[in-house]
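If you're matching them up, the sequences are chains A and C in order.
Per our numbering, the very first residue in the first sequence carries number 1433; after that it's consecutive.
Per our numbering, the very first residue in the second sequence carries number 1433; after that it's consecutive.
Contents: one structure, followed by commentary.
Protein chains: 2
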Amino acid sequence: MHNSNIAGIKSSEVESIDIQDDRKRELEASYPMLGSINDPEWISTINKARNLDFNPHTVMFSGSAPCNNFMFILKGIIRIYQTAEDGRELTLYRVEAGDLCILSLNSMLQNQSFNAIAETETDVTALVLNADDFKVAMNGSETFRNYVVTTLTERLCETMYLIQNTAFNHLNMRLACMLGSLFERNQGPVLKITHQDLAHELGTTREVISRILKEFERQDCIKLSRGYIKLASAEGLEWFSNNPK
Amino acid sequence: MHNSNIAGIKSSEVESIDIQDDRKRELEASYPMLGSINDPEWISTINKARNLDFNPHTVMFSGSAPCNNFMFILKGIIRIYQTAEDGRELTLYRVEAGDLCILSLNSMLQNQSFNAIAETETDVTALVLNADDFKVAMNGSETFRNYVVTTLTERLCETMYLIQNTAFNHLNMRLACMLGSLFERNQGPVLKITHQDLAHELGTTREVISRILKEFERQDCIKLSRGYIKLASAEGLEWFSNNPK
DNA sequence: CGGTTTATGTAACATATATCACATACATCG
DNA sequence: CGATGTATGTGATATATGTTACATAAACCG
């Protein structure tokens, strides 16, 4: 289709004959809430969907390259971020299996461009509906509708929180919070991440991050080494997460 | 109902017998897209709705006082903003006649609190649905559903833009943009607003705004007087709106 | 092993914004 | 008119963050 020339798409368009059950199981694994829907429109729509694979570090869409499909993410992680002219980046959120791809919703529903970039961080497999099928599914299934509206609302709330955080909190606090949640999700106390990566999360520059990290290390909260950060004191980090200055 | 003890509510609960046509006309005036819906669930739901009036400067809801109803705004303006401990405020957006009250959507759909404050700026009249009626309307009318999803998506886009703006642009640029759009909406070149108000829009302090405004005045973009700002050169202001430093 | 790339450390400096401490000026109202 | 509250002007100073310009070090690769 008109998407097939985007860089990074791998192959694997699956024929949709008699694989309904596979499809359903696959979707159910990532979207438990949706797996149990039995509305006929929903079933037939899912059955018409295509599988698409993306390589890591592929730009799935941006303001200039909109995407007129709706996607369920079956596997992998997508990072949504904004850029400034000077090369700074700010991560808005991530989309994983089970999440709703709001960017795609937007470019489907209106032409207004989103002014953000969606880029795969890992291998990504998505289930793709075109705009018409999405409409059919929305009209046919109340569960799906609820899912869409709830997820949109949730995302909006998180975004409001992000605004508050960036507007009112200092970088050391924001960095401490970020590290805190990264360590939480991480198995084990050693986090694989570079200072530049952290800068791109928070919308600042590498030097600034390095400086604050060094300060955290001096306070024995963390231990730094090339490409890694080791947690030394969760309490210490927690303190920085709550302390305004 | 359980809302009736919130400060600032005026009175005017209207009995809903045979006023269907009035109601419909009223709604249509503010929400042209919705006025033409003829689904029976929709009609009966609207008919069950209550009118509520609010005085200016009434906090309609905040994180601590959620609102479990859905509202159509028939008249007036509501400001949604966040606060910091030090008294700074940052306006997220405004809701007017024809807009969707996303805050109410959120508190209806989930318990997660929104972490923002909604406050009337003028007299406000709203048409109020409870959560169940909202569901009925959503299930009954595709037009209403489209309206909700489209508006949510739109709001999300605008919010993303706000993040980019606050994270990457300097205050003089942001202030110039803000003034630009205020003058645009304003009839005539004289804007009634205080420096403190502008600070509350942008999440900063009065002194900072005063200083930048003075700079704009020195560059003959505006003329300052107590409580008012007069546009002197739209081009000059435009220049500051686009210039990074 | 040596050359190259990538990640980090860090000092010095530039700038934007925040904060403090007032002075002044305008507006309102008795 | 004079008193009071509110809005503005502004210098001085503090701090956070951004920028420049390197040095060093670890990892990578032929």
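In this text, a Cβ means the ideal position worked out from N, Cα and C, and glycines have one as well.
CB of residue i within 8 Å of CB of residue j, strictly
i, j, result
"S1536(C)", "C1499(C)", "yes"
"A1481(A)", "V1556(A)", "no"
"S1573(C)", "D1485(C)", "no"
"I1503(C)", "Y1579(C)", "Reading off the sequence, residue 1503(C) comes out as Met, not Ile. Their beta carbons are not under 8 Å apart, which means M1503(C) does not touch Y1579(C) by this criterion."
"M1605(A)", "E1633(A)", "no"
"Y1593(A)", "K1624(A)", "no"
"E1586(C)", "Q1514(A)", "no"
"P1488(C)", "T1554(C)", "yes"
"I1654(A)", "F1576(A)", "no"
"A1631(C)", "T1598(A)", "no"
"S1462(C)", "G1495(C)", "no"
"E1473(A)", "N1601(A)", "no"
"I1595(A)", "I1595(C)", "yes"
"L1591(A)", "T1591(C)", "At residue 1591(A) the sequence reads Thr, which differs from the Leu that was named. Closer than 8 Å, so yes."
"V1581(A)", "V1581(C)", "yes"
6 Å CB neighbourhood of residue i in its chain, flanking five on each side removed
i, result
"G1612(C)", "L1669, S1673"
"C1533(A)", "M1503, V1527"
"A1558(A)", "L1484, M1503, I1505"
"I1512(A)", "L1524, Y1525, A1548, A1550"
"T1583(A)", "L1532"
"F1493(A)", "C1499, A1550"
"A1497(C)", "none"
"L1607(A)", "I1644"
"L1614(C)", "L1623"
"K1677(A)", "none"
"G1530(A)", "S1462, Y1463"
"N1566(A)", "Per the sequence shown, the amino acid found at residue 1566(A) is Phe instead of Asn. Hits under 6 Å: F1502."
Residue i, enclosing alpha helix (DSSP H) - first and last residue
i, result
"Y1513(A)", "Here Y1513(A) belongs to no alpha helix (DSSP H); instead the beta strand (DSSP E) covers 1509-1515."
"N1675(A)", "First-last for N1675(A): undefined, no H or E at that position."
"I1644(A)", "1638-1650"
"N1571(C)", "1563-1572"
"I1534(C)", "1534-1541"
"G1635(A)", "Counting along the chain, G1635(A) falls outside any alpha helix (DSSP H), and DSSP gives it neither H nor E."
Terminal residues of the beta strand (DSSP E) in which residue i lies
i, result
"L1522(C)", "1521-1528"
"S1657(A)", "1654-1657"
"L1663(A)", "1660-1663"
"A1550(C)", "1549-1552"
Sequence-distant residues of the same chain with beta carbon closer than 7 Å to residue i, five excluded per side
i, result
"Q1651(C)", "G1668"
"E1528(A)", "I1505, I1509"
"L1656(C)", "L1645, E1649"
"S1665(C)", "D1652, C1653"
"V1568(A)", "E1473, T1477"
"E1447(C)", "Reliability of the predicted coordinates at E1447(C) is poor, the pLDDT of 41 falling under 50, and no value is obtained from them."
"H1434(A)", "Here H1434(A) scores only 38 on pLDDT, less than 50, and its place in the model should not be relied on; the value that follows carries that caveat. Excluding positions up to five away in sequence, the list is empty."
Residues near residue i by beta carbon distance below 8 Å, same chain, minus five either side
i, result
"L1459(C)", "L1466, G1467, I1478, F1504, L1506, L1559"
"T1636(C)", "R1520, L1603"
"A1563(A)", "N1500, N1501, F1502, M1540"
"H1627(A)", "R1638, I1641, S1642, L1645"
"R1658(C)", "none"
"E1647(C)", "N1604"
Residues of the stretch 1531-1565 of chain A whose Cβ lies closer than 7 Å to any Cβ of chain C, in chain order: I1534, L1537, N1538, L1541, Q1542, Q1544, F1546, N1547, A1548
Cβ-based contacts, 8 Å cut-off: residues of the stretch 1580-1602 of chain A near chain C: V1580, V1581, T1582, L1584, T1585, E1586, R1587, L1588, C1589, T1591, M1592, Y1593, L1594, I1595, Q1596, T1598, A1599, F1600
Residues of the stretch 1617-1629 of chain C with Cβ closer than 9 Å to any Cβ of chain A, in chain order: none
Positions along the stretch 1507-1520 of chain C whose CB lies within less than 8 Å of some CB in chain A: Q1514, A1516, E1517, R1520
Ordered list of alpha helix (DSSP H) runs contained in the stretch 1576-1629 of chain C, each at least 4 residues: 1603-1617
Whole runs of the alpha helix (DSSP H) within the stretch 1471-1506 of chain A, excluding any shorter than 4 residues: 1472-1480
Under 8 Å (Cβ pairs) to chain C, residues found in the stretch 1635-1665 of chain A: G1635
Where the stretch 1458-1484 of chain C meets chain A: residues whose CB sits under 7 Å from a CB there: none
Residues, ordered as in the chain, of the stretch 1569-1580 of chain C that lie near chain A by beta-carbon distance below 9 Å: M1570, N1571, E1574, R1577, N1578, V1580
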